[in-house]
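Q: The following block contains the structure, expressed as C-alpha cells.
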Amino acid sequence: MSQTTQAALSPYRALDLTSEIGSLSTMLLAGLGVDVIRVEPPGGHPSRKRGPMLREDQDSSLYWAQMNAGKRSVTLDLADEADRERLRTLSETADFLFESDAPGAMAARGIGHRDLRERAPQLIYVSITPFGQTGPKSMWAASDLIGHVSGGLSSLVGDPDRAPLRPSVEQAYNITALNAGSAALIALHARHLTGRGQHVDVSMQAAMANTLGNARLYYEMDGIVTERAGGARAFADRATRIIYSCADGYVAFVRIPASMKALHRWMTAEGAHPRFDAEKWAGISIAGNNLPSDDEVAELESEIEEFFAARGAQSLYESGQHHGVMICPVNTMQDIVDSPQLAARGFFDKVVDPELGSLTVPGAPLKMSATPWRTRPAPTLTQHQNEILTAAATDIRDGD
Amino acid sequence: MTSNDVPGAHVFDGVRIADFAWVGVGPNATMQMAFHGAEVIRVESSHRPDTFRNGGPRPPGVNDLDASAYFAKFNRGKRSVAINLAHPRGAEVAKRLVASADVVTESFAPGFMHRIGLSYEEVRKIKPDVIMCSMSMEGQTGPHAKFRGFGLTLQATAGITGVTGWPDRSPVGTGVAYTDWVATHLGIIGILSALDHRRRTGEGQYIDLSQFEASTLVLDAGVIDAANTGRVARPLGNRDLRHAPHGVYPCADDHTGGDRWVAIAVTNDDQWRRLALLLDRQDWLESDELCDAAGRLAAQDALDAGISRWTRTQTVGEVEQILQAVGIPAHRASNVRDAHEDPQLAHRNHWWTSDHPVIGEMSYESPAWRLSDTPPPMPRRSPLLGEDSEYVYRKLCGYSEEEFQQLIVEGVVE
Numbered sequence: 001m002s003q004t005t006q007a008a009l010s011p012y013r014a015l016d017l018t019s020e021i022g023s024l025s026t027m028l029l030a031g032l033g034v035d036v037i038r039v040e041p042p043g044g045h046p047s048r049k050r051g052p053m054l055r056e057d058q059d060s061s062l063y064w065a066q067m068n069a070g071k072r073s074v075t076l077d078l079a080d081e082a083d084r085e086r087l088r089t090l091s092e093t094a095d096f097l098f099e100s101d102a103p104g105a106m107a108a109r110g111i112g113h114r115d116l117r118e119r120a121p122q123l124i125y126v127s128i129t130p131f132g133q134t135g136p137k138s139m140w141a142a143s144d145l146i147g148h149v150s151g152g153l154s155s156l157v158g159d160p161d162r163a164p165l166r167p168s169v170e171q172a173y174n175i176t177a178l179n180a181g182s183a184a185l186i187a188l189h190a191r192h193l194t195g196r197g198q199h200v201d202v203s204m205q206a207a208m209a210n211t212l213g214n215a216r217l218y219y220e221m222d223g224i225v226t227e228r229a230g231g232a233r234a235f236a237d238r239a240t241r242i243i244y245s246c247a248d249g250y251v252a253f254v255r256i257p258a259s260m261k262a263l264h265r266w267m268t269a270e271g272a273h274p275r276f277d278a279e280k281w282a283g284i285s286i287a288g289n290n291l292p293s294d295d296e297v298a299e300l301e302s303e304i305e306e307f308f309a310a311r312g313a314q315s316l317y318e319s320g321q322h323h324g325v326m327i328c329p330v331n332t333m334q335d336i337v338d339s340p341q342l343a344a345r346g347f348f349d350k351v352v353d354p355e356l357g358s359l360t361v362p363g364a365p366l367k368m369s370a371t372p373w374r375t376r377p378a379p380t381l382t383q384h385q386n387e388i389l390t391a392a393a394t395d396i397r398d399g400d
Numbered sequence: 401m402t403s404n405d406v407p408g409a410h411v412f413d414g415v416r417i418a419d420f421a422w423v424g425v426g427p428n429a430t431m432q433m434a435f436h437g438a439e440v441i442r443v444e445s446s447h448r449p450d451t452f453r454n455g456g457p458r459p460p461g462v463n464d465l466d467a468s469a470y471f472a473k474f475n476r477g478k479r480s481v482a483i484n485l486a487h488p489r490g491a492e493v494a495k496r497l498v499a500s501a502d503v504v505t506e507s508f509a510p511g512f513m514h515r516i517g518l519s520y521e522e523v524r525k526i527k528p529d530v531i532m533c534s535m536s537m538e539g540q541t542g543p544h545a546k547f548r549g550f551g552l553t554l555q556a557t558a559g560i561t562g563v564t565g566w567p568d569r570s571p572v573g574t575g576v577a578y579t580d581w582v583a584t585h586l587g588i589i590g591i592l593s594a595l596d597h598r599r600r601t602g603e604g605q606y607i608d609l610s611q612f613e614a615s616t617l618v619l620d621a622g623v624i625d626a627a628n629t630g631r632v633a634r635p636l637g638n639r640d641l642r643h644a645p646h647g648v649y650p651c652a653d654d655h656t657g658g659d660r661w662v663a664i665a666v667t668n669d670d671q672w673r674r675l676a677l678l679l680d681r682q683d684w685l686e687s688d689e690l691c692d693a694a695g696r697l698a699a700q701d702a703l704d705a706g707i708s709r710w711t712r713t714q715t716v717g718e719v720e721q722i723l724q725a726v727g728i729p730a731h732r733a734s735n736v737r738d739a740h741e742d743p744q745l746a747h748r749n750h751w752w753t754s755d756h757p758v759i760g761e762m763s764y765e766s767p768a769w770r771l772s773d774t775p776p777p778m779p780r781r782s783p784l785l786g787e788d789s790e791y792v793y794r795k796l797c798g799y800s801e802e803e804f805q806q807l808i809v810e811g812v813v814e
C-alpha cells in the first residue's frame, strides 16, 4: 500500500483561542496534521495550571499535556491593540480560528468573525459556546455541568433516590469539542465549493441534547418522561439492568435475547448449573410487548449476580466473550492502560515533553492507512513565539 | 429529487456513500454528511434488519420495519436499498454499488466484509481511490477484535461508566449508548479528512475506527494520568476537583410532574460572594476559609446542605432566573420534556420536523452546529426499507429492468 508521509490535514493551519470547551477539537486536528497554534494570554492558558499534575509542583499539568498535544504556542495579549493586530495578521495565514468567548466578546475587541472576514475571507471561524451565538440563554453563565444538564442527559443518569448526575470527567465540553471538529471539516469542504470561509456556531446544549438516545422520542410520541434508573438503561417506562458487581469491581451486561443461550452455555461450562430457561429468555425482548414480570427478572438477575460475584471483571470479559456473551468490564483508567487489546494495536505512544520528560500518551484514536497520525507533545509557553510571529509578518498566503 | 427536498446548500454534492453500517455510530455519522448533501445509500435487508428498525418508539399497533422513530432519527436524508448479502448474488450487487461510491462505511463484526468479498483490498480493486471506514467495537485487529458489545456496554470498557456515579455506591454509567455520540464524530472527522486528502492527492484509504479507542478521547487526562502516575480517577457524584459549591440540588415542585433539580456551579470567588449575598448568608461572606475554592472544597457538605435548604423553597425556573441574573452558572437538570420544550433549542430550531408515511410527523435532532453561509436544507425523511432499490439497481448498478426483476425473483432484493 502506498504510504505518503503527509498527515491527512497537513496543509492547514488553525488558531486556537478556546477555553477547555474547545481544546479537544484542535487537539484532534493537530493529530491529523493541522498546524494548530494555541494563542495564549500573557502568563499562559489557565489550563496549564490544571491538574492532574505529573509532579508535586503546579507546572506539570497532564491535563495540558493531553488536551494540547501537537499544538504550537504563541502568547498574545488581546487587551492590547498591537497584539490584536498580530492576531489579525495571523488569521490571514490560517484556515480555522476556534474561539469560545461569550457571544459578542470577540467582536467587541475587533476580532469577531465580521472583523476578520474582509482581511481573511478564507478563514473558517468556529465559535463554541454553551448555548449558541443568539437566543434567550445565549448570555447565560455556564460550565461543563451546566452544559450537561441543559441538554437533558443528567435526567437519564444516576440513582433514582439521589440527584441526577454528570460523569466526573467533562463530557459536555468534550462532546461539544468533537461536534466542533466535525463542523469545522464540513465548513472546510464547503470552502472547496465557495472559495470562502464562514462562521460556524456550535452549541454545547445542542450537542448534549443529541445524546438522549430515543428517550425524547418517547416523550414526543407517547408522552413518557423517562427517568434515571441507576445502573440500568431506562427504556421508556421500563428499565433494564446493566451494572453488576463482580469479585474485584463491576461488569456491564444486558440480558438481550442474543446473549441468553450463550450465557447459559458459559455458566454451564464454568460448572455453575444455571437454573434459568435459556430458550425462554432468548425469546424475551428488553422492551415492547410480552415483558417478563419483575419477579422473573429478579430471579434471573440474582442467578447472574451470584455467578459474576465469584469472578474478576477481566476474566469475565475474556471468558464471557469467548462464549459469545456481550459482557464488558467496567474499566478503570488503569485497566485501560493495561488493556491487552490496546497494547496489541499499539495504541499507546511515547513522547518527550520539553517540560515533563518522557511521557506515555494515548496515540491515534483512529487508524488511517495512507495518512499518519501525529503524536507530539504539548507546547511550552511561548515556545514558538518568534517563529510564528516572524513568519506571519512576512507570509503572504496564497489561499487554499 | 423528491417532493420533500427543499433548496439549500449541498456541501457534499456528488459524494456518494455506500453505507453498510447499522445501528447507531455509522448511521449517525453518515447522516450528518447526508444533511450536508452527500448521497448516502443504506444497504439493508429485511432478512437481517437494522436493530433500530425493530426499536421504539413506534405508532401504537404498527409493527412493521418502517415504523421505528428510533431508526428514523439516525437515517434522515438517506436512501435505502434492499440487498440480501447472504444470497450468493448479493455480493455481486454490492460490488456494483461500491464501484459507484466515493466512501464505503461498515460496522459489522470484523471479518464479515471479508467473507462476502468486500474487504478493503477487494473494494479498492473495484474502486481504487475509495475511502472505506470500518467502525467496529474494538478495531479490526487484536485479541478482542471480535468481542461484541454496543454503546450501553462499550462505555464500560471505555472507562466512562467507571467515572459516572456516587463515590459510596456502584458506578451507574450514562444510561444511554454514550460511546455512540463520541465515535460518530471520529467517523465523520476521519472520513472528511480522508476525502480532503483524496481531493489533493487522488489517493483513497482505509480507516480502522475502534469505538473503544475513539471513546478514550473524552476521558480528558484520565488515561494519561494513570499511564504516567498510576493514579486512577474515581466518580465524584456531581462534585468537581476544582470548584465548589458544585452540584445538582432539589427544587420545589413546579407542577410539571416528576422530581425537579437544579445544577449550580460556582466557578470563581466573585460568583461565590454573589451567591452568599443572595442567600443572605452573612456567615459565609465573613468566613476567611470560604473565600477561596480550596476552603469551599473542604466545606462542601455544609455548603451543599445550605444551598439545598434554599433551592427546596424555589422552583427550577426561579433558581435559574435569580442566579443567572447575577451571572452565577445555574440551569435546571432538564428532563426530556424540558429538552423538547427548551426555549433556547427552539430559538435555534434544533428539533427538525419530518413527516413519514408510517411514523407520521415527528421532530428529530439537528446538528449542534449552524453554518452561516452553507446551511443545509431540511433533510428528506428517513427511507422505507428498500424504498430506493429500483433507483440503486437500475441507475447506480446498471441492471436492466429484466435483470432487476430477475434479482427480485431470486430473492436478492429483499
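Line by line, the protein sequences are chains A and B. Residues in the first sequence are numbered from 1 upward in steps of one, following this note's numbering. Residues in the second sequence are numbered from 401 upward in steps of one, following this note's numbering. Heads up, the beta-carbon is just placed ideally off N, CA and C, and yes, glycines get one too. This one's a predicted model, so the numbers in the text were calculated from it and none came from an experiment.
1) Any contact between the stretch 468-482 of chain B and the stretch 440-453 of chain B? By contact I mean 3 or more CB pairs, one from each, below 8 Å.
2) Could you give the uninterrupted runs of the beta strand (DSSP E) lying entirely in the stretch 327-361 of chain A, keeping only those of 3 residues or more?
3) Applying the 10 Å Cβ sphere with the 16-neighbour rule, what's the burial state of isoleucine 388/A?
4) Report, in whole angstroms, the separation of the C-beta atoms of arginine 423/A and leucine 78/A, which I expect to be a contact under 8 Å.
5) Please give the ranges of any alpha helix (DSSP H) in the stretch 420-491 of chain B, keeping only runs that are unbroken, at least 4 residues long and fully inside the region.
6) Taking a contact to mean a Cβ-Cβ separation below 8 Å, would you say leucine 97/A touches leucine 123/A in this structure?
7) For a test of the three-state rule: what should DSSP assign to leucine 609/B, helix, strand or coil?
8) How would you write the range of the alpha helix (DSSP H) that phenylalanine 512/B sits in, first residue to last?
9) Between the stretch 443-474 of chain B and chain A, which residues of the former have CB atoms less than 7 Å from a CB of the latter, in chain order?
10) In chain order, what residues of the same chain lie with their CB nearer than 7 Å to the CB of glycine 181/A, ignoring the 5 residues before and after it?
11) Mapping DSSP to helix, strand and coil, what is valine 126/A?
12) On the criterion of 16 or more Cβ atoms from any shown chain inside 10 Å, does glycine 587/B qualify as buried, or is it exposed?
13) Using a Cβ cut-off of 8 Å (strictly closer), state whether aspartate 400/A contacts chain B.
14) Could you pull out every unbroken beta strand (DSSP E) segment of at least 3 residues lying fully inside the stretch 515-576 of chain B, listed in chain order?
15) Going by beta-carbon coordinates alone, are histidine 192/A and alanine 262/A separated by less than 8 Å?
16) Given this structure, state the Cα-to-Cα distance separating threonine 129/A from alanine 206/A, to the nearest angstrom.
17) Give the range of the alpha helix (DSSP H) segment to which leucine 360/B is assigned.
18) Quick one, which residues of the stretch 209-222 of chain A are near chain B if we go by CB-CB under 7 Å, in chain order?
19) Can you give the beta carbon distance from threonine 715/B to arginine 660/B, rounded, assuming they're within the 8 Å contact cut?
20) Hey, is tryptophan 816/B's beta-carbon within less than 8 Å of any beta-carbon in chain A?
21) Around the C-beta of glycine 811/B, are 16 or more other C-beta atoms found within 10 angstroms, so that it is buried, or is it exposed?
22) Would you say serine 480/B lies against chain A (beta-carbon separation less than 8 Å)?
23) Could you please give the first and the last residue of the uninterrupted beta strand (DSSP E) stretch that includes serine 500/B?
24) Helix, strand or coil for isoleucine 286/A? Go by DSSP, reduced to three states.
25) With a threshold of 8 Å between beta carbons, is glycine 575/B in contact with chain A?
26) According to DSSP, is leucine 15/A helix, strand or coil?
27) Would alanine 269/A be called buried (16 or more neighbouring beta carbons within 10 Å of its own) or exposed?
28) Just list the residues that DSSP pairs glutamate 40/A with in beta bridges.
29) Could you list which residues in chain A have their beta carbon closer than 7 Å to that of arginine 660/B, in chain order?
30) Pick from Ala699/B, Asp701/B, Val792/B, Val623/B: whose alpha carbon is nearest that of lysine 495/B?
31) Only counting runs of 3 or more residues, tell me where the beta strand (DSSP E) segments fall wholly within the stretch 197-243 of chain A, in order along the chain.
32) Is there at least one Cβ from chain B nearer than 8 Å to cysteine 328/A's Cβ?
33) Under 8 Å by Cβ, that's how I've got serine 734/B and leucine 32/A pegged, so tell me the actual separation to the nearest angstrom.
34) Cβ of leucine 636/B less than 8 Å from any chain A Cβ?
35) Tell me which residues of the stretch 615-633 of chain B have at least one Cβ-Cβ distance to chain A shorter than 8 Å, keeping chain order.
36) From the beta carbon of histidine 192/A, is the nearest beta carbon of chain B less than 8 Å away?
A: Let me spell this out:
1) yes
2) 327-329, 348-353
3) buried
4) Given a span of 1 to 400 for chain A in the structure shown, any question on residue 423/A remains unanswerable.
5) 425-435, 469-475
6) One thing to note: leucine 97/A has its Cβ within 8 Å of the Cβ of leucine 123/A.
7) Assignment of leucine 609/B by DSSP, reduced to helix, strand and coil, places it in the strand class.
8) 512-515
9) Gly455, Gly456, Pro457, Ala469, Tyr470, Lys473
10) Taking C-beta separations shorter than 7 Å and ignoring five residues to either side along the sequence, the partners of glycine 181/A in its chain run Ser25, Leu28, Leu29, following chain order.
11) Here valine 126/A sits in strand by DSSP.
12) Note on glycine 587/B: 16 or more other CB atoms within 10 angstroms of its CB, so buried under the neighbour-count rule.
13) The pLDDT assigned to aspartate 400/A is 39, lower than 50, so where the model puts this residue is not dependable, and the model offers no usable value.
14) 531-536
15) Remark: C-beta atoms of histidine 192/A and alanine 262/A do not approach each other more closely than 8 Å.
16) Cα to Cα, threonine 129/A sits roughly 10 Å from alanine 206/A.
17) Since the displayed chain B opens at 401 and closes at 814, residue 360/B lies outside it and no answer follows.
18) Listed by position, the residues of the stretch 209-222 of chain A near chain B (Cβ gap below 7 Å) are Ala209, Asn210, Thr211, Leu212, Gly213, Asn214, Ala215, Arg216, Leu217, Tyr218, Tyr219, Glu220, Met221, Asp222.
19) 7 Å
20) This structure does not reach residue 816/B, given that chain B is present from 401 up to 814, and the question cannot be answered.
21) exposed
22) no
23) Taken as a continuous stretch (DSSP letters only), serine 500/B belongs to no beta strand (DSSP E), as it is neither H nor E.
24) Per DSSP, reduced to three states, the secondary structure at isoleucine 286/A is coil, with no helix or strand assignment.
25) yes
26) strand
27) exposed
28) Thr75/A
29) The contacting residues do not exist; arginine 660/B stays about 10 Å from chain A at best.
30) Val792/B
31) As far as the stretch 197-243 of chain A is concerned, its whole beta strand (DSSP E) runs of at least 3 residues are 199-203, 232-235, 238-241.
32) yes
33) Not really, about 34 Å apart at Cβ, beyond 8 Å.
34) yes
35) Thr616, Leu617, Val618, Leu619, Asp620, Ala621, Gly622, Val623, Ile624, Asp625, Ala626, Ala627, Asn628, Thr629, Gly630, Arg631, Val632, Ala633
36) Closer than 8 Å to some Cβ of chain B, the Cβ of histidine 192/A qualifies, so yes.
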